[in-house]
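First comes the structure, then the notes that go with it.
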Amino acid sequence: MNVPLLDLKAQYATLKKDMLPAIEAVLDSQYFIGGPVVQELEEKIAEYSQTKAAVGVSSGTDALLASLMSLNIGPGDEVITTPYTFFATAGSIWRVGAKPVFVDIEPDTYNIDTTKIAAAITKKTKAIMPVHLYGQMADMDPILALAKQHNLHVIEDAAQAIGSAQNGRKAGSFGTVGCFSFFPSKNLGGLGDGGMVVTRDEALAERLRECRNHGSHPKYYHKWVGANFRLDAIQAAGLLVKFKHLEAWHAARRANAAKYDALFADVAEITTPVVREYNQTIYNQYVIRVPNRDACIAFLKENNIGCEIYYPVAMHVQECFAPLGHKPDDFPEAEKASRETLALPIYPELTGEQLNYVAEKVIEFVKA
452 MNVPLLDLKA QYATLKKDML PAIEAVLDSQ YFIGGPVVQE LEEKIAEYSQ TKAAVGVSSG
512 TDALLASLMS LNIGPGDEVI TTPYTFFATA GSIWRVGAKP VFVDIEPDTY NIDTTKIAAA
572 ITKKTKAIMP VHLYGQMADM DPILALAKQH NLHVIEDAAQ AIGSAQNGRK AGSFGTVGCF
632 SFFPSKNLGG LGDGGMVVTR DEALAERLRE CRNHGSHPKY YHKWVGANFR LDAIQAAGLL
692 VKFKHLEAWH AARRANAAKY DALFADVAEI TTPVVREYNQ TIYNQYVIRV PNRDACIAFL
752 KENNIGCEIY YPVAMHVQEC FAPLGHKPDD FPEAEKASRE TLALPIYPEL TGEQLNYVAE
812 KVIEFVKA
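The opening position of the sequence shown corresponds to residue 452 in the numbering used here, with each subsequent residue numbered one higher.
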């Protein structure tokens, strides 16, 4: 049996009859940058995320960059974040000239440990950037309390978490801004790169719109320097087709996760995902811990099972961040997670037979 980590072809087969006319309509309009299709997507994402405004941008990375730039965060400033995340989180902070200040993660959810944030706050701190990793939100109440106490912005890196919720409130609606990615592997994945910034602040939304268009308003008049962060209309058209299915896809991923949880329940060697009781996750990834992780991955691949490490190298030991002066043991939980975790197939089109095969092989390995 062959089980890929993600099967976008299977997804596309269910969408083709709607996707092609949507793209053709954009081609017929010859309106490729911004326009009514992008605006429609923005309105739907803003409503879905329980925010007032959404600004389409060129990627999830650019959503973070545009947010930092629009909030005037730059050289001399510090942004507190997690060392266990995709590179764009820390990379975007570095690119605007600010300093990423890392705080270790919780050992069970892999999200930022909020009990350690206060000690990292200095006079230079301008924002906290929590990451809602694998589709589960970080604990936002203590983060918001600290932000209010110290007059800090909160930039939610919700790249993997569109539709996730905490106590009924959607990811992206808690902070100053929320940043989504539409990279093709996401639950709501585009036809290439794309992203979105959501906010409850209408004035900030307007500044974000300026930022994505070189800081201009009106056209050709620039009070400040932005960048080219615009979302293509073809991307928006494809995302609108997929958006209709998003909640069903979330539900299917949760159902698959529940099946894995049940199959692994009596296997002490396998640590399954922990979801906080106040959270509703979307399982952008289903991540487990196993002993001898690298050998397990090799075994699964030998048996034609797709799997992946998210993430093999924590941010504080990335070569490009050497100037920060961190040592490998500075954030032990992040280091441990990078050595022990792997992601299994969880996509909605995964069949029961495929899922059982994956679980069977993982159990076979850990029991051997």
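From the three backbone atoms N, C-alpha and C, an ideal C-beta is built for every residue, glycine too.
Since the structure is predicted, the reported quantities are computational estimates derived from the model, not experimental observations.
Where T650 is concerned, there is no enclosing alpha helix (DSSP H), although the beta strand (DSSP E) around it starts and stops at 646-650. Here the C-alpha atom of A497 lies approximately 10 angstroms from the C-alpha atom of Q490. Annotated as proximal: A571 and V552, with beta-carbon spacing under 8 angstroms.
Taking 3 residues as the shortest admissible run, the region 537-577 contains the following complete beta strand (DSSP E) segments, listed from N- to C-terminal end: 550-553.
Taking V726 as reference, the option from D644, E557, S518 with the minimal CA-CA separation is E557.
With distances taken between CA atoms, V649 lies nearest to E493 out of E493, V454, K460. The DSSP-derived three-state label of S667 is strand. When C-alpha distances from L639 are compared across A749, H701, G623, the shortest belongs to H701.
Between T722 and Y711 a beta carbon distance of about 12 angstroms is seen, past the 8 angstroms cut, so the two are scored as non-contacting. In this structure, DSSP gives L659 a helical state, which the three-state scheme calls helix. Taking C-beta atoms as the reference points, I568 and V605 fail to come closer than 8 angstroms. Annotated three-state conformation of C758 is coil, per DSSP.
Nearest C-alpha to H583 among Q600, T533, K575, G666: T533.
Here P779 is exposed, its C-beta having fewer than 16 other C-beta atoms within 10 Å. Per DSSP, the continuous alpha helix (DSSP H) segment holding A687 begins and ends at 684-694.
Taking I760 as reference, the option from E529, G677, S509, A794 with the minimal CA-CA separation is A794. Put simply, the backbone Cα of A473 is about 14 angstroms away from that of T465. D608: member of the beta strand (DSSP E) spanning 604-608, first to last residue. In this chain, the beta strand (DSSP E) harbouring I739 covers 737-740. The residue from F816, V813, A514, A549 with its alpha-carbon nearest to that of G525 is A549.
By the Cβ-count criterion, D717 is exposed, with fewer than 16 other Cβ atoms from all chains shown falling within 10 Å of its own Cβ. A direct Cα-Cα distance of roughly 39 angstroms separates F816 from G619. Rounded to the nearest angstrom, the Cβ distance from Q587 to S615 is 6 angstroms, consistent with a contact under 8 angstroms. Of the residues assessed, R790 falls on the exposed side of the cut-off, its CB having fewer than 16 other CB atoms within 10 angstroms. In this structure V508 touches G646 by the C-beta definition: roughly 5 angstroms separates them, less than 8 angstroms. Inclusion of E607 and K577 in the CB contact set at 8 angstroms is not warranted, their separation being larger than that value. Per the Cβ contact rule, the region 663-680 is not in contact with the region 453-470 (fewer than 3 Cβ pairs under 8 angstroms). For the set Y762, A719, R660, P742, the Cα lying nearest the Cα of V506 is the one of R660. DSSP places E498 in the uninterrupted alpha helix (DSSP H) bounded by 487-499. Collapsing the DSSP output to three states places G629 in a strand.
The beta-carbon distance between A708 and I797, rounded to whole angstroms, is 6 angstroms. This is short enough to meet the 8 angstroms contact definition. With respect to F633, L690 sits close: the two C-beta atoms are nearer than 8 angstroms. Exposed is the label assigned to Y463, since fewer than 16 other Cβ atoms lie within 10 Å of its Cβ. Shown here, K818 sits in a helix according to DSSP, grouped into three states. In the structure shown, A702 falls within a helical segment according to DSSP collapsed to helix, strand and coil.
According to the DSSP assignment, G586 belongs to no beta strand (DSSP E), since it is labelled neither H nor E.
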